[in-house]
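Going by my numbering, the first residue of the sequence shown is number 807, and it counts up by one from there.
All C-beta atoms, glycine included, are put in the ideal place defined by N, C-alpha and C.
Just so you know, these numbers come straight off a predicted model, no measurement behind them.
Down below is the structure, laid out as structure tokens.
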Amino acid sequence: MAILKIARMGHPVLLARAAAVADAADPEISRLVADMAETLADAGGVGLAAPQVFRSLRLFIYHVPESRADDGQAVAARVVINPVVSPLSDELVLGWEGCLSIPGLRAAVPRFARIRLAGLDGAGAPFEIEAGGFEARVIQHEADHLDGVMYPMRMSDFRYFGFNEETSRYGLKLPEDADAD
Ligand code: NI
């Protein structure tokens with residue numbers, strides 16, 4: 807396994823539409839997935855898409871740690887190949903997102919509250935799940951990478967865009983959080 811270099815915003819690989827994976831069971835794909843898992847663990851993120859490691863393929867990995875799960879239920883590491891994401895309603899929620907390709911920054915991004923995800927798993931077997939909350943957010947963020955879409959391109963209010971250090975230091979809150987006070 808190997809820790810791979812992560813592309814940063816501004817590199818054209820992050821703006822390209824990635825190609826479908828022709829054979830999900832190809833050992834080369836399994837190796838890429840293993841390297842991506844090691845890279846993600848090293849970087850300390852929750853998701854990583856193949857274009858972020860300079861491979862323009864429709865593939866991403868993610869997990870949801872207990873601390874980030876809306877219901878306290880962690881989601882174990884999942885491999886998603888050739889995904890299709892469909893919203894289950896029109897409801898959008900605003901929430902914080904970061905990206906390993908935009909280090910040090912975070913922003914409030916609107917995402918569909920509930921989605922269906924279909925694709926192939928790491929063994930090439932088809933699966934379909936429904937997801938909500940933070941998991942739905944991560945899936946939409948990672949799937950966007952496969953279409954050359956970075957989270958700033960989804961933002962609705964640039965006041966909620968800042969450095970992690972500063973937004974934490976000054977407790978920048980989203981309008982929805984403020985309403986709850
Ligand atoms: Ni990202």
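Asked, Found
"Paired residues, beta bridge with Gly901 - DSSP", "Val915"
"Local Cβ density within 10 Å of Gly781, reported as buried at 16 or more and exposed below that", "The chain is shown only over 807 to 987; residue 781 falls outside these bounds and no answer can be derived."
"Closer than 7 Å: His947 CB and nearest ligand 1 heavy atom", "yes"
"Whether Gly850 touches Leu911 by CB criterion (8 Å)", "no"
"Own chain residues within Cβ distance below 6 Å of Glu934, not counting five before or after", "Ala924"
"The alpha helix (DSSP H) enclosing His947, as first and last residue numbers", "Gly939 to His951"
"Rounded C-alpha distance that separates Ala913 from Glu972", "12 Å"
"Cβ-heavy atom distance, Ser862 to ligand 1, below 7 Å", "no"
"Distance, Met842 Cα to Glu897 Cα", "32 Å"
"Contacts around Ala931, its chain only, beta-carbon distance under 7 Å, and the 5 residues preceding and following it disregarded", "none"
"Supposed contact pair Arg884 and Ala824 - C-beta distance, whole angstroms, cut 8 Å", "Not confirmed; about 18 Å, so no contact."
"Nearest residue (CA-CA) to Tyr966, options Ile945, Gly901, Asp829 and Arg874", "Gly901"
"Residues that Gly925 bridges to, as DSSP identifies them", "Phe933"
"Near ligand 1: Leu821 beta-carbon under 7 Å from a heavy atom", "no"
"Glu903 versus Ala840 - alpha carbon distance", "24 Å"
"Assigned exposure category for Tyr957 - 16 Cβ within 10 Å defines buried", "buried"
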